[in-house]
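J.: Chains A and B supply the protein sequences, listed in that same order. My numbering puts the last residue of the first sequence at 578; the count rises by one with no breaks. My numbering puts the last residue of the second sequence at 578; the count rises by one with no breaks.
Protein chains: 2
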Amino acid sequence: MRRIEFTNTQVASSETARDINRGVVLNLIRRRQPISRADLARVSGLQRSTVSLITEQLIRERWVVYGHTGRLPRGRRPTFLRLNEQRGILVADLRPTQTTLGVADVNGRLLSQEVMQTPPSPRDTAEHLAARIRHLMQVHRDLVFEGVGISLPGRFDLETQRVVFAPNLKWPDFDFKAAIEQATGMRVELENAANACVLAEVWFGHTEKVRDLVVVTISEGVGTGVFMNGQLARGLHGMAGEFGHVSLDPLGPPCSCGGRGCWEVYASNRAALRYYHESSQASDRLSFQGLLALAEAGDSLALKALDRMAHAIGSGMRMIVASLAPEEIVIVGEFMKHWPRFGPVIEAEVAAGALVGMPPRVRPAAEPGMARLRGTVALVLQKHFGHGVRTAEEERPQAVAL
Amino acid sequence: MRRIEFTNTQVASSETARDINRGVVLNLIRRRQPISRADLARVSGLQRSTVSLITEQLIRERWVVYGHTGRLPRGRRPTFLRLNEQRGILVADLRPTQTTLGVADVNGRLLSQEVMQTPPSPRDTAEHLAARIRHLMQVHRDLVFEGVGISLPGRFDLETQRVVFAPNLKWPDFDFKAAIEQATGMRVELENAANACVLAEVWFGHTEKVRDLVVVTISEGVGTGVFMNGQLARGLHGMAGEFGHVSLDPLGPPCSCGGRGCWEVYASNRAALRYYHESSQASDRLSFQGLLALAEAGDSLALKALDRMAHAIGSGMRMIVASLAPEEIVIVGEFMKHWPRFGPVIEAEVAAGALVGMPPRVRPAAEPGMARLRGTVALVLQKHFGHGVRTAEEERPQAVAL
DNA sequence: CGCATTTAATTTGTGACCCGAACTATACGA
DNA sequence: TCGTATAGTTCGGGTCACAAATTAAATGCG
Chain A
177 MRRIEFTNTQ
187 VASSETARDI
197 NRGVVLNLIR
207 RRQPISRADL
217 ARVSGLQRST
227 VSLITEQLIR
237 ERWVVYGHTG
247 RLPRGRRPTF
257 LRLNEQRGIL
267 VADLRPTQTT
277 LGVADVNGRL
287 LSQEVMQTPP
297 SPRDTAEHLA
307 ARIRHLMQVH
317 RDLVFEGVGI
327 SLPGRFDLET
337 QRVVFAPNLK
347 WPDFDFKAAI
357 EQATGMRVEL
367 ENAANACVLA
377 EVWFGHTEKV
387 RDLVVVTISE
397 GVGTGVFMNG
407 QLARGLHGMA
417 GEFGHVSLDP
427 LGPPCSCGGR
437 GCWEVYASNR
447 AALRYYHESS
457 QASDRLSFQG
467 LLALAEAGDS
477 LALKALDRMA
487 HAIGSGMRMI
497 VASLAPEEIV
507 IVGEFMKHWP
517 RFGPVIEAEV
527 AAGALVGMPP
537 RVRPAAEPGM
547 ARLRGTVALV
557 LQKHFGHGVR
567 TAEEERPQAV
577 AL
Chain B
177 MRRIEFTNTQ
187 VASSETARDI
197 NRGVVLNLIR
207 RRQPISRADL
217 ARVSGLQRST
227 VSLITEQLIR
237 ERWVVYGHTG
247 RLPRGRRPTF
257 LRLNEQRGIL
267 VADLRPTQTT
277 LGVADVNGRL
287 LSQEVMQTPP
297 SPRDTAEHLA
307 ARIRHLMQVH
317 RDLVFEGVGI
327 SLPGRFDLET
337 QRVVFAPNLK
347 WPDFDFKAAI
357 EQATGMRVEL
367 ENAANACVLA
377 EVWFGHTEKV
387 RDLVVVTISE
397 GVGTGVFMNG
407 QLARGLHGMA
417 GEFGHVSLDP
427 LGPPCSCGGR
437 GCWEVYASNR
447 AALRYYHESS
457 QASDRLSFQG
467 LLALAEAGDS
477 LALKALDRMA
487 HAIGSGMRMI
497 VASLAPEEIV
507 IVGEFMKHWP
517 RFGPVIEAEV
527 AAGALVGMPP
537 RVRPAAEPGM
547 ARLRGTVALV
557 LQKHFGHGVR
567 TAEEERPQAV
577 AL
């Protein structure tokens, strides 16, 4: 019996146009608020009538509210629209030793923030975090919460909904997402910290039209988030972006991932501490904060260690420049406090790696302290604000799968 | 004067749904031809009436023609539809020493094929190639030509419309595209050879639903084409994918790109020849074909050289595995003739580089000899067949730029 | 042969949506 | 007070997908 299987390709219905335009308008409001409907029409290219219908819908959905009335040299006054700040997002940044959590509004503004120790086991972490989240929900009863967004030093597989790779956490297999969802009753979104930083840059940064961007997070380890063609590259099991675990020397020092000589082994905070301890006689364990402070005070061994780290960061980035040719590389990490000093070292390495034309811009994150947490706001809002990606550029030729 | 600039974001009009569905139906016909309208409706999920209207349009546009009538156990017989093979594409694969060109139909089938020497200068190349193309157009007067697609060992910048990086061609700056367009009167599309192979795999291969794929071409140099989230990654100036010029050893042998110790220096055909000449006393210059023949005949030095090459290929791929986590890596090149022998070497290296779960499949191209040329067919058809990418999978969360 | 059954394809009516033009609502200044 | 400029709404028209009804064509059974 010749029977065709049901594949159900993604087709457009009569509502598809509205879906797309709703996303466009909502994102324009987000980026340019407060903004009038007339301006939305001008900027988007949609008709004023269409904009009115769409904004009416957005106001019904409570994403948008009326703001104050504008004032023009002549003519009727525009009614400004802005996002509804009564909608909150619960955000958390999970790190090996401590976890930051808080409440943010839809504009990525943090309304409150607190820090807790990260327990070693994922089960305890989920439990403590969920308790804190429930408490925050009580405190902010005036908000309607959209969900929980968590950034973590690991990779989250969308298929299996599990954290699949987090060498710096050393977690056993555990359904972290479900645990928090059950304990809070909220939808939870997990994402790698570097990917979260990408979202933060793209959503809340000044880089509006960047299509190709790589974020490098330097902390315990080295993480990278890859943004290509205006989308996050996740790869199989969400593992795309592990430049930190590309081996630069098969005989190098062992890495937490099980390999040897990974970029992370040379460019992370830990690496700098190792460099320092190798050269100094001091036997007491120093924290990276301590190392930064020493460098600030002019300690030459500390400066030397950070310089080696900077060279390692830069030379690893050459790999990123050649392989992905991003427009920008954004660096996030405590190390960036010393950017004025070590930035040129990194930039020189990157420039040497550019095969043609100008090397990519290398710069610190727009708001370094906030990047991870803000990114999780975008993570949660993503499914409401964007159906696919649509940048303001003209269409580029693209491949068609299927 | 407060005036909002005209950004004109990409919005949906009332015709957007049709555009999208037209693309879906056209691509379904391409992949499953011959196919009836009833089956198209079943597979796509569109209504039969909608499919009828769309196919009517496609037939008017002469992309689709009626095929023969089907036969079912009972009921009215379906009319099969298929692509119109009267539409041809002029294709060429430009390589440092020789250029292959030909005529293909919309299904990527080559109707004729010929080879010419590649002159050293881009001007002469354009001239000779255009003359051959004009001749082919005369020979195939029965076809309506859609355009010219050319793959080349270099990168093409869509912004400036120039070939920007082709170390193995050593071309001075020259507007190659315009030269051929003027000399033939056809629209010309240029693309990197590895990217062309990606298109060939995705369009004509059996891998229908792969979203993340990397093609590695091994010839004079090593090229890679990156396909992520169902799209070709082009990067700034079209430079994404130059894994071949990531330096593995800053003190290694010099590379044609000006760097040192690039992956290409260890993994290309040239590298294998170098390995061979280093170990053998033979002073006569061998071609890579010759080396392959020696290996086939059991020459141990030739086998050793190819084995070193295979190891180099595999170890460079670990970089790709870690950084992009593709589902598949496809290899194209003369070297693949010996895949049964050296495949396991490469696979073992790649498996060692996988950080979590199964390593990506590594395999030869679907039709190795055709990959580049077929890819250029897709390159030319791209703008007619696909408005953006739509795979059959459910929506994944994605970032929204702007 | 006639008729029920089955499947393909078309026709027709409906609702969603965008567009553009006309219209209403405000504001300012001569 | 009226002309002009700007914001926002209303309404008619066109495109489109959808669903149900209809037509077309083939099979097989009584």
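Cβ coordinates follow ideal geometry from the N, Cα and C atoms, glycine included.
Could you tell me if aspartate 349 of chain B is buried or exposed, where buried requires 16 or more neighbouring beta carbons within 10 angstroms of its beta carbon?
T.: Position 173 of the second sequence, counted from the start, is the residue given in the question as residue 349 of chain B. It is exposed - the Cβ of aspartate 349 of chain B has fewer than 16 other Cβ atoms within 10 Å.
J.: If you measure beta-carbon to beta-carbon, which residues of the stretch 461 to 478 of chain A are closer than 9 Å to chain B?
T.: none
J.: Tell me alanine 504 of chain B's beta-bridge partners as DSSP assigns them.
T.: Numbered from 1 along the second sequence, position 328 holds the residue referred to as residue 504 of chain B. Checking the sequence shown, residue 504 of chain B turns out to be glutamate, not alanine. Per DSSP, B:Leu389, B:Arg537.
J.: Whole angstroms is fine: what's the gap from threonine 276 of chain A's alpha carbon to phenylalanine 332 of chain A's?
T.: Here residue 276 of chain A is taken as the residue at index 100 of the first sequence, counted from 1. Here residue 332 of chain A is taken as the residue at index 156 of the first sequence, counted from 1. So the alpha carbons of these two residues sit roughly 19 Å apart.
J.: Shorter than 7 Å from the beta carbon of valine 187 of chain B to some beta carbon of chain A?
T.: In the second sequence, counting from the first residue as 1, residue 187 of chain B sits at position 11. Output row for valine 187 of chain B: interface = yes.
J.: Would you say glutamine 289 of chain A faces chain B, with C-beta separation under 7 Å as the test?
T.: Position 113 of the first sequence, counted from the first residue, corresponds to residue 289 of chain A. With 7 Å as the cut-off, glutamine 289 of chain A does not count as an interface residue toward chain B.
J.: Along the stretch 207 to 228 of chain A, where does the CB come closer than 7 Å to a CB of chain B? Name the residues.
T.: Arg207, Asp215, Arg218, Val219, Ser220, Gly221, Leu222
J.: Give me whichever residues DSSP pairs with glycine 278 of chain A in a beta bridge.
T.: Indexing the first sequence from 1 puts residue 278 of chain A at position 102. For glycine 278 of chain A, which the question treats as bridged, DSSP gives the partners A:Val267, A:Gln289.
J.: What three-state label does DSSP hand leucine 427 of chain B in the structure shown?
T.: Position 251 of the second sequence, counting from 1, holds the residue named residue 427 of chain B. For leucine 427 of chain B, the secondary structure class from DSSP, reduced to helix, strand or coil, is coil.
J.: Pull up the CB-CB distance for valine 521 of chain B and glycine 490 of chain B, whole angstroms please, since I reckon it's below 8 Å.
T.: As a working note, residue 521 of chain B is residue 345 in the second sequence. As a working note, residue 490 of chain B is residue 314 in the second sequence. Confirmed, about 6 Å.
J.: In terms of residues, what are the limits of the alpha helix (DSSP H) holding phenylalanine 464 of chain A?
T.: Position 288 of the first sequence, counting from 1, holds the residue named residue 464 of chain A. Taken as a continuous stretch (DSSP letters only), the alpha helix (DSSP H) holding phenylalanine 464 of chain A covers 464 to 472.
J.: In chain order, what residues of the stretch 433 to 457 of chain B put their CB closer than 7 Å to some CB of chain A?
T.: The stretch 433 to 457 of chain B vs chain A, Cβ under 7 Å: Cys433.
J.: Can you tell me where the beta strand (DSSP E) holding valine 240 of chain A begins and where it ends?
T.: Locating residue 240 of chain A in the first sequence gives position 64, counting from the first residue. Looking at the DSSP string, the run of the beta strand (DSSP E) that includes valine 240 of chain A is 240 to 245.
J.: Under a Cβ-count criterion, where at least 16 other Cβ atoms within 10 Å of its own Cβ denotes burial, should glutamine 358 of chain B be classed as buried or exposed?
T.: By one-based count along the second sequence, residue 358 of chain B stands at place 182. The residue is exposed, with fewer than 16 neighbouring Cβ atoms inside 10 Å.
J.: Within the 7 Å Cβ cut-off, does histidine 560 of chain A reach chain B?
T.: Translated into positions along the first sequence, residue 560 of chain A becomes position 384. False, the Cβ-Cβ gap to chain B never drops below 7 Å.
J.: Spell out whether any CB of chain A is found under 7 Å from the CB atom of phenylalanine 341 of chain B.
T.: The residue you call residue 341 of chain B lines up with position 165 of the second sequence. Answer yes: the Cβ-Cβ gap between phenylalanine 341 of chain B and chain A drops below 7 Å somewhere.
J.: Our contact map puts alanine 541 of chain A next to leucine 375 of chain A with C-beta atoms below 8 Å; I'd like the distance itself, whole angstroms only.
T.: On the first sequence, position 365 is the one that residue 541 of chain A refers to. On the first sequence, position 199 is the one that residue 375 of chain A refers to. Not confirmed; about 12 Å, so no contact.
J.: Do alanine 501 of chain A and glycine 411 of chain B come within 7 Å of each other at the CB atom, strictly closer than that value?
T.: On the second sequence, residue 411 of chain B is found 235 positions in, with the first residue counted as 1. On the first sequence, residue 501 of chain A is found 325 positions in, with the first residue counted as 1. Yes.
J.: Roughly how many whole angstroms lie between the Cα atoms of glutamine 407 of chain B and arginine 387 of chain B?
T.: Mapped onto the second sequence, residue 407 of chain B falls at position 231. Mapped onto the second sequence, residue 387 of chain B falls at position 211. Approximately 8 Å, taken between the alpha carbons.
J.: Compute the distance between the beta-carbons of asparagine 203 of chain A and phenylalanine 561 of chain A, then report whether it is under 7 Å.
T.: To locate residue 203 of chain A, count along the first sequence from 1; it is residue 27. To locate residue 561 of chain A, count along the first sequence from 1; it is residue 385. Yes. Within cutoff.
J.: Flag valine 390 of chain A as yes if its beta-carbon sits less than 7 Å from any beta-carbon of chain B, otherwise no.
T.: In the first sequence, counting from the first residue as 1, residue 390 of chain A sits at position 214. Chain B, which has no Cβ nearer than 7 Å to the Cβ of valine 390 of chain A, makes this no.
J.: If you follow the alpha helix (DSSP H) that serine 228 of chain A is part of, which residue opens it and which one closes it?
T.: On the first sequence, position 52 is the one that residue 228 of chain A refers to. Where serine 228 of chain A is concerned, the enclosing alpha helix (DSSP H) stretches over 224 to 236.
J.: For asparagine 197 of chain B, would you say it is in contact with chain A, using Cβ-to-Cβ distances shorter than 7 Å as the test?
T.: Here residue 197 of chain B corresponds to residue number 21 of the second sequence, with the count starting at 1. Interface residue, yes.
J.: Alpha carbon to alpha carbon, how far is glutamate 384 of chain A from valine 187 of chain B?
T.: Counting from 1 along the first sequence, the entry for residue 384 of chain A is found at position 208. Counting from 1 along the second sequence, the entry for residue 187 of chain B is found at position 11. Cα to Cα, glutamate 384 of chain A sits roughly 17 Å from valine 187 of chain B.
J.: For a contact meaning CB atoms closer than 7 Å, what does leucine 531 of chain B contact in chain A?
T.: In the second sequence, counting from the first residue as 1, residue 531 of chain B sits at position 355. Annotation: Cβ neighbours of leucine 531 of chain B in chain A (cutoff 7 Å, chain order): Phe341, Met415, Glu418, His421, Cys433.
J.: Whose CA, out of A:Ile505, A:Gly509, A:Pro544, A:Phe511, lies closest to the CA of valine 526 of chain A?
T.: Along the first sequence, one-based indexing puts residue 526 of chain A at 350. The residue with the shortest Cα to Cα distance from valine 526 of chain A is A:Ile505.
J.: So, is methionine 534 of chain A buried or exposed, given that buried needs 16 or more other C-beta atoms within 10 angstroms?
T.: Residue 534 of chain A sits at position 358 when you count from the first residue of the first sequence. Classified as exposed, methionine 534 of chain A has fewer than 16 neighbouring CB atoms from the shown chains inside 10 Å of its CB.
J.: Name the DSSP bridge partner or partners of leucine 408 of chain A?
T.: By one-based count along the first sequence, residue 408 of chain A stands at place 232. As DSSP reads the structure, leucine 408 of chain A sits in a beta bridge with A:Phe403.
J.: For phenylalanine 352 of chain A, which beta-bridge partners are listed by DSSP?
T.: For the purposes of this step, residue 352 of chain A is taken as the residue at position 176 of the first sequence. Partner(s): none; phenylalanine 352 of chain A has no beta bridge.
J.: What number of angstroms, rounded off, separates the C-alpha of arginine 446 of chain B from the C-alpha of valine 200 of chain A?
T.: Counted from its first residue, the second sequence places residue 446 of chain B at position 270. Counted from its first residue, the first sequence places residue 200 of chain A at position 24. In a straight line, the C-alpha of arginine 446 of chain B is about 51 Å away from that of valine 200 of chain A.
J.: Taking Cβ to Cβ, would you say glycine 417 of chain A is nearer than 7 Å to glycine 401 of chain A?
T.: Position 241 of the first sequence holds residue 417 of chain A. Position 225 of the first sequence holds residue 401 of chain A. Yes.
J.: Any beta-carbon of chain A closer than 7 Å to the one on glutamate 503 of chain B?
T.: Position 327 of the second sequence, counted from the start, is the residue given in the question as residue 503 of chain B. Chain A, which has a Cβ nearer than 7 Å to the Cβ of glutamate 503 of chain B, makes this yes.
J.: Using a Cβ cut-off of 7 Å (strictly closer), state whether valine 200 of chain B contacts chain A.
T.: On the second sequence, position 24 is the one that residue 200 of chain B refers to. Yes, valine 200 of chain B lies at the interface with chain A (some Cβ there is under 7 Å from its Cβ).
J.: Do the stretch 313 to 328 of chain A and the stretch 263 to 271 of chain A touch if we need at least three Cβ pairs shorter than 8 Å?
T.: yes
J.: Once you ignore the five residues that flank glycine 323 of chain B on each side, which residues in its own chain have a CB closer than 8 Å to its CB?
T.: Translated into the one-based positions of the second sequence, residue 323 of chain B becomes position 147. Correct list, in chain order: Ile265, Leu266, Met362, Arg363, Val364, Glu365, Val556.
J.: Quick one: list the residues of chain A neighbouring serine 327 of chain B, beta-carbon separation under 8 Å, in chain order.
T.: As a working mapping, residue 327 of chain B is identified with position 151 in the second sequence. Here the premise fails: no neighbours, minimum Cβ distance about 14 Å.
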